[in-house]
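Using UniProt numbering, the first residue of the sequence shown is number 1, and each one after it goes up by one. For every residue, glycine included, the Cβ atom is placed at its ideal position computed from N, Cα and C. Below is one structure, written out as structure tokens; comments come after it.
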Amino acid sequence: MNNSDLFNSITSIYRPYVKFCRPIFEKHELYNGQWLVLKDIALHAPTTLVQISQRRAIEKPTARKILKVLAEKSLLEVTPGTDRRQKWLTLSDKGQALFDEIYGEIAQIQEQLIKETNLSTEDIETTMRTLTTIYEQIHSIEEES
1 MNNSDLFNSI TSIYRPYVKF CRPIFEKHEL YNGQWLVLKD IALHAPTTLV QISQRRAIEK
61 PTARKILKVL AEKSLLEVTP GTDRRQKWLT LSDKGQALFD EIYGEIAQIQ EQLIKETNLS
121 TEDIETTMRT LTTIYEQIHS IEEES
């Protein structure tokens, strides 16, 4: 196995996994990108558009459009920051309830996938360490440039 096989394996599971989860998002009238931003806010609240953009590695205009849709669906609470341009974002009660519901449904899918692949806890931990190391290296290179 060469290095490109590793990266090909990493990228090859993304689309099938998203396709696997799509019915959940559609049932709740969300797209994958909207879910990822909703989840980011749930896990990092209070947060800002800039912080979301950095963590999700998406452009600020893209994040702004997604946040606008989530706000229109009454899923967010927006609080002004000390700088008038900065806004702190948290999930509204409706947003938190939606997050909890979708997160639970996705957790069931993930549990089923892991169970059916017979991966051990050690396999999963090794994979997580490997992916985290690669992510951190990519992130540090991006920060340097």
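Item                                                                               : Value
Inter-residue spacing [alpha-carbon to alpha-carbon] between Glu-29 and Glu-77     : 19 angstroms
Within 8 angstroms, strictly: CB atoms of Leu-91 and Leu-75                        : yes
Extent of the continuous alpha helix (DSSP H) run through Leu-67                   : 60 to 72
Local conformation of Glu-29 per DSSP, three classes                               : coil
Limits of the beta strand (DSSP E) - the one that Thr-79 falls within              : 76 to 80
Rounded separation between Thr-126 and Glu-101 - CA only                           : 29 angstroms
Of the listed residues Ser-120, His-44, Gln-110, nearest to Val-18 (C-alpha basis) : Gln-110
Pair within 8 angstroms by beta-carbon distance, Ile-106 and Ile-114               : no
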